[in-house]
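Some notes on the structure that comes next.
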Amino acid sequence: MKSDSPLFLVAQDLTLFCICVNVQSQPASLAAEDISTNSNGPKQDSLFDDDPEDLFAEATEEVSLDSPERDVLLSDGPSPAITPITPPTSVITPRIGHTHDDMFTHSSFDEIEEEEGGDSFDIHISVSDPEKVGDGMNAYMAYKVTTKTSISLFKRNEFAVKRRFSDFLGLHSKLASKYLHIGYIVPPAPEKSIVGMTKVKVGKEDQSSNEFVEKRRSALERYLMRTVKHPILLKDPDVLQFLESSELPRAVSTQALSSAGLLRMVNKAADAVNKMTIKMNESDAWFEEKQQHFENLDVQLRKLHTSVESLVCHRKELSVNTAQFAKSAAMLGNSEDHTALSRALSQLAEVEEKIDQLHQDQANADFYLFSELLGDYVRLLTAVKGVFDHRMKTWQKWQDSQMLLQKKREAEAKLQFTNKPDKLQQAKDEIKELEGKVQQGERDFEQISKTIRKEVSRFEKERVKDFKTIIIKYLESLVQTQQQLIKYWEAFLPEAKAIS
Amino acid sequence: CPRAVNVDLQTDAMLQVDISDALSERDKVKFTVHTKSTLPNFKQNEFSVVRQHEEFIWLHDSFVENEEYAGYIIPPAPPRPDFDASREKLQKLGEGEGSMTKEEFTKMKQELEAEYLAIFKKTVAMHEVFLCRVAAHPVLRKDLNFHVFLEYNQDLSVRGKNKKEKLEDFFKNVVKSADGVLVAGVKDVDDFFEHEKTFLLEYHNRVKDASAKSDRMIRSHKSKNLLNPIASSLYTLGTQDSTDLCKFFLKVSELFEKTRKIEARIAADEDLKLADLLKYYLRESQAAKDLLYRRSRALVDYENANKALDKARAKNRDVLQAETSQQLCCHKFEKISESAKQELIDFKTRRVAAFRKNLVELAELELKHAKGNLQLLQGCLGILKGNT
Numbered sequence: 001m002k003s004d005s006p007l008f009l010v011a012q013d014l015t016l017f018c019i020c021v022n023v024q025s026q027p028a029s030l031a032a033e034d035i036s037t038n039s040n041g042p043k044q045d046s047l048f049d050d051d052p053e054d055l056f057a058e059a060t061e062e063v064s065l066d067s068p069e070r071d072v073l074l075s076d077g078p079s080p081a082i083t084p085i086t087p088p089t090s091v092i093t094p095r096i097g098h099t100h101d102d103m104f105t106h107s108s109f110d111e112i113e114e115e116e117g118g119d120s121f122d123i124h125i126s127v128s129d130p131e132k133v134g135d136g137m138n139a140y141m142a143y144k145v146t147t148k149t150s151i152s153l154f155k156r157n158e159f160a161v162k163r164r165f166s167d168f169l170g171l172h173s174k175l176a177s178k179y180l181h182i183g184y185i186v187p188p189a190p191e192k193s194i195v196g197m198t199k200v201k202v203g204k205e206d207q208s209s210n211e212f213v214e215k216r217r218s219a220l221e222r223y224l225m226r227t228v229k230h231p232i233l234l235k236d237p238d239v240l241q242f243l244e245s246s247e248l249p250r251a252v253s254t255q256a257l258s259s260a261g262l263l264r265m266v267n268k269a270a271d272a273v274n275k276m277t278i279k280m281n282e283s284d285a286w287f288e289e290k291q292q293h294f295e296n297l298d299v300q301l302r303k304l305h306t307s308v309e310s311l312v313c314h315r316k317e318l319s320v321n322t323a324q325f326a327k328s329a330a331m332l333g334n335s336e337d338h339t340a341l342s343r344a345l346s347q348l349a350e351v352e353e354k355i356d357q358l359h360q361d362q363a364n365a366d367f368y369l370f371s372e373l374l375g376d377y378v379r380l381l382t383a384v385k386g387v388f389d390h391r392m393k394t395w396q397k398w399q400d401s402q403m404l405l406q407k408k409r410e411a412e413a414k415l416q417f418t419n420k421p422d423k424l425q426q427a428k429d430e431i432k433e434l435e436g437k438v439q440q441g442e443r444d445f446e447q448i449s450k451t452i453r454k455e456v457s458r459f460e461k462e463r464v465k466d467f468k469t470i471i472i473k474y475l476e477s478l479v480q481t482q483q484q485l486i487k488y489w490e491a492f493l494p495e496a497k498a499i500s
Numbered sequence: 001c002p003r004a005v006n007v008d009l010q011t012d013a014m015l016q017v018d019i020s021d022a023l024s025e026r027d028k029v030k031f032t033v034h035t036k037s038t039l040p041n042f043k044q045n046e047f048s049v050v051r052q053h054e055e056f057i058w059l060h061d062s063f064v065e066n067e068e069y070a071g072y073i074i075p076p077a078p079p080r081p082d083f084d085a086s087r088e089k090l091q092k093l094g095e096g097e098g099s100m101t102k103e104e105f106t107k108m109k110q111e112l113e114a115e116y117l118a119i120f121k122k123t124v125a126m127h128e129v130f131l132c133r134v135a136a137h138p139v140l141r142k143d144l145n146f147h148v149f150l151e152y153n154q155d156l157s158v159r160g161k162n163k164k165e166k167l168e169d170f171f172k173n174v175v176k177s178a179d180g181v182l183v184a185g186v187k188d189v190d191d192f193f194e195h196e197k198t199f200l201l202e203y204h205n206r207v208k209d210a211s212a213k214s215d216r217m218i219r220s221h222k223s224k225n226l227l228n229p230i231a232s233s234l235y236t237l238g239t240q241d242s243t244d245l246c247k248f249f250l251k252v253s254e255l256f257e258k259t260r261k262i263e264a265r266i267a268a269d270e271d272l273k274l275a276d277l278l279k280y281y282l283r284e285s286q287a288a289k290d291l292l293y294r295r296s297r298a299l300v301d302y303e304n305a306n307k308a309l310d311k312a313r314a315k316n317r318d319v320l321q322a323e324t325s326q327q328l329c330c331h332k333f334e335k336i337s338e339s340a341k342q343e344l345i346d347f348k349t350r351r352v353a354a355f356r357k358n359l360v361e362l363a364e365l366e367l368k369h370a371k372g373n374l375q376l377l378q379g380c381l382g383i384l385k386g387n388t
């Protein structure tokens, strides 16, 4: 093995390395207890332990990581997601004598998934009935979360629970800590708002606090729908508990991983990454291209979001001014002493009043359809940036292990010439441990890269679908406005002509 | 009005006035006033002069100050041409040229230039309307000052009133408004005028409010046309996207470019048909109120002259003088009342006709634009839905 002097930095060599490695020794971290069906999800490093076990343990077939079967898995296609967390027990327990390679393992997962939920995604969540609970500064809003589904994962087809905002933040916090660092794009929770909530708490039942509650309710609903649309997250026990159980332990530390916090973390990581030198190869080029794509997208979406927010603002202003003009026109009609003209002016006032309502409705559509979609995607993109950065960190960790291994090997080589058998043994032990770490590091990097590719593909599909759906809905709202306008002016025209 | 030929049926003379050209210079507008007339007092049948805004004001004020015209609604003076706001916007655009793309800059420049042109056209129209109203009035059209205004091809040297004159004007207006309040309180014996007074006082205030509110509404409508940055963002998104969305974004961007142009036209049409209408009748109703005030003043003078005559007769001193004075006041009051009645009836007729015309045109234009918008939206939707 020593003569191989593996060059870990280049993927092609990586392939060879994986095949040749002697995996008869078990690295310390691969404890079987780590992957039990009782756990609340995978712990940090032991996530993919069973996969490599299956691959390397007494492998009788030499399967290259670049085999065509593997390529199928990596390509963009309607391949169902793989669930590494709670794999069926039939695959875990027999650790030896497994001749399955990656693909077989995956296809058995496929079968199981098909039994469970069927091919179509059938779950609908609504957040409704905001209710103020308590008084003063300790008051909070409770929302009803109703789930309608035919997925057999759930105990019933239709059920509802009461949740408060911090519960949603708590859910996101748990999901983020479990999945972000291994490459899953976890949808961000809606933003906190001290100003908005204070108004609600203080008890002002005015239009702005009602708008705030409605905005939040809508955001929470979209958040849950995005979360359950993710095939992995849907099956997470925390998600299931959130949707189903009537009592939920209060989430206290909801500061973790807010969207802003995530962005700060990402920026810190980005700075660290810039200080490293990274050698690029073809597979990395894909990641670089995607990162650039998301960067550009982020810039444009932010710009568009700002413009649309402006549009909402101005349309609301137009509505107010139209209402005022309507009142003024009515007054003018009252004082006009020519009967027919007076009536026509009153009709004009009525038309303008109706148009004011139209403007208000359109402003709502501008906001809830267009503006919020853009806002959601700006926030989602921070999560996407986050997973790319986690990949970088994973890579760095692997590199660090490799460099340390190299040092230890050099040290061991020197020790060979000294007469210190204890120290030599210690060095050999350390090297074995480090070799395990390096292997693990490489596997983690492989896995996160694979996951990200799948996630990005899924994300892009969702993005295309979301934007298409919402843009069409938005245009339909514009169509409706014009149709109403036509109706109103067509009714008014004969009145104007009747003036004589 | 601009193209109507005003024929005086008595003298069989034709008088047609219009503004055939206008030039906007840095801080002034030069109007070319073009006249076609068969009236004998003009040297030629067709001629043009160049006039500036102040000369229009001079003409208007000369009507107001002329006692002979006390019984007429003096056509309201055109408002001063105001390009300040538009010029400021163009200047800001020039300063900000570096901060936007060439395309954005060109688009904004075109928009602002169109706005400038619209304001320019409006001020020309308003000055023209004033002249036409004068030319259409059976008495005012014969006014000497009017003829000088139309024909004298030299500078009328009426610009820049000196300070003393300006102060005099100021006090005149103050007195007038105080009087207006005083006079408005006196109940008129004549039902017709009593009704007109009540009506005009309220109407004028309501028109003022409606005019202000319509201005604000239309300004909002113009600023709502922020679809420009939205369209260009969508366009950039479309060019950058490698998915199916690319075509979506590009189509929607194109759509918003087109609908934005329609929205701009809607705002412009609302401005012309609604805002300008209200502004004009604000000025006309003020002119009508001024007429009523003058009549009231004449009535007060008449009543005072009566009292003076009674006193003179009682004291048997200066009776003849008092009688003459009383007769003059009586004559003046009756003359004003007679022409005022007709003027106010004509005012109503004109008002109703103008509102009818503008409201019908407004509704027709709103319909046209809404249908245009609808067609564009449905066309785009059809394409996008066919794609998914």
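Just so you know, the protein sequences line up as chains A and B, in that order.
Numbering-wise (the UniProt record's numbering), the first sequence opens with residue 1 and increments by one.
Numbering-wise (the UniProt record's numbering), the second sequence opens with residue 1 and increments by one.
No residue lacks a Cβ here, since even glycine has one placed at the ideal position from N, Cα and C.
All values derive from a computational prediction rather than experimental measurement.
Check	Outcome
According to DSSP, residues forming a beta bridge with Tyr143 of chain A	A:Arg163
Rounded straight-line distance, which links the Cα of Arg133 of chain B to that of Lys92 of chain B	39 Å
Exposure of Ser246 of chain A, with buried meaning 16 or more beta-carbon neighbours within 10 Å	exposed
Glu350 of chain A versus A:Phe492, A:Asp361, A:Ile486 and A:Arg391, residue with shortest Cα-Cα distance	A:Phe492
Close beta carbons around Leu278 of chain B, own chain, < 7 Å, minus the five adjacent residues each side	Val207, Ala210, Ser211 and Ser214
Own chain residues within Cβ distance below 7 Å of Lys339 of chain B, not counting five before or after	With the sequence shown as reference, residue 339 of chain B is identified as Ser, and Lys is not the correct amino acid for it. The residues are Gly71 and Tyr72.
Ser335 of chain A at chain B interface by Cβ criterion, 8 Å	yes
Proximal residues of chain A, C-beta to C-beta of Phe355 of chain B below 8 Å	Leu341, Ala344, Leu345 and Ile499
Cutoff 8 Å: Arg496 of chain A Cβ touching any chain B Cβ	The displayed chain sequence assigns Ala, not Arg, to residue 496 of chain A. By this cut-off, Ala496 of chain A is an interface position.
Of the listed residues A:Pro130, A:Asp356, A:Asn334 and A:Lys316, nearest to Ala323 of chain A (C-alpha basis)	A:Asp356
Of the listed residues A:Thr146, A:Glu336, A:His305 and A:Tyr140, nearest to Lys201 of chain A (C-alpha basis)	A:Tyr140
Sub-8 Å separation of His221 of chain B and Leu318 of chain A beta-carbons	yes
Which of helix, strand or coil DSSP assigns to Gly379 of chain B	helix
C-beta neighbour in chain A for Asn153 of chain B, strict 8 Å	no
Beta-bridge partners of Ala363 of chain A, as assigned by DSSP	Beta-bridge pairing links Ala363 of chain A to no other residue.
Chain B contact for Gln291 of chain A (CB, 8 Å cutoff)	no
Proximity test, Cβ basis, 8 Å: Ile230 of chain B and chain A	yes
Runs of alpha helix (DSSP H) wholly within the region 285-318 of chain B (minimum 4 residues, chain order)	none
Glu158 of chain A - partner residues in DSSP beta bridges	A:Lys148
Neighbour list for Gln240 of chain B in chain A, Cβ cutoff strictly below 9 Å	His293, Asn296, Leu297 and Gln300
Minimum Cβ-Cβ distance from Gln255 of chain A to chain B less than 8 Å	Reliability fails at Gln255 of chain A, whose pLDDT of 49 lies under 50, so the model's placement of it is uncertain and no value is given.
Contacts that Phe459 of chain A makes with chain B (C-beta to C-beta distance below 9 Å)	Within 9 Å Cβ-Cβ: nothing; Phe459 of chain A doesn't reach chain B, min ~11 Å.
Leu224 of chain A vs Leu153 of chain A beta-carbon contact at 8 Å	no
8 Å Cβ cut-off: residues of chain B touching Lys407 of chain A	None at all; the shortest Cβ gap to chain B is about 44 Å.
Environment of Trp395 of chain A [buried if 16+ CB atoms lie within 10 Å]	buried
Under 7 Å by beta carbon: chain A residues contacting Ala370 of chain B	Gln482, Leu485, Ile486 and Trp489
Neighbour-count burial assignment, Phe192 of chain B, 16 or more Cβ in a 10 Å radius	exposed
Candidates B:Pro229, B:Val64, B:Glu115 and B:Thr106: closest to Glu88 of chain B by CA position	B:Glu115
Inter-stretch contact (C-beta, 8 Å, three-pair minimum) for the region 335-351 of chain B and the region 283-292 of chain B	yes
Span separating the alpha-carbon of Leu297 of chain A from that of Ser232 of chain B	14 Å
The alpha helix (DSSP H) enclosing Thr38 of chain B, as first and last residue numbers	Unbroken run through Thr38 of chain B: none, as it is neither H nor E.
Same chain only: Cβ atoms within 8 Å of Leu301 of chain A, ignoring 5 sequence neighbours per side	Leu374, Tyr377, Val378 and Leu381
Option in B:Glu263, B:Leu144, B:Cys330 and B:Ala22 with minimal Cα separation from Ser48 of chain B	B:Ala22
Whole-Å CB distance - Ala427 of chain A paired with Glu446 of chain A, under 8 Å assumed	Actually they are not in contact, since the Cβ atoms of Ala427 of chain A and Glu446 of chain A sit about 28 Å apart, beyond 8 Å.
C-alpha gap between Glu323 of chain B and Leu309 of chain B, whole angstroms	6 Å
Chain B contact residues for Gln324 of chain A, given Cβ-Cβ distances below 8 Å	Lys213, Arg216 and Met217
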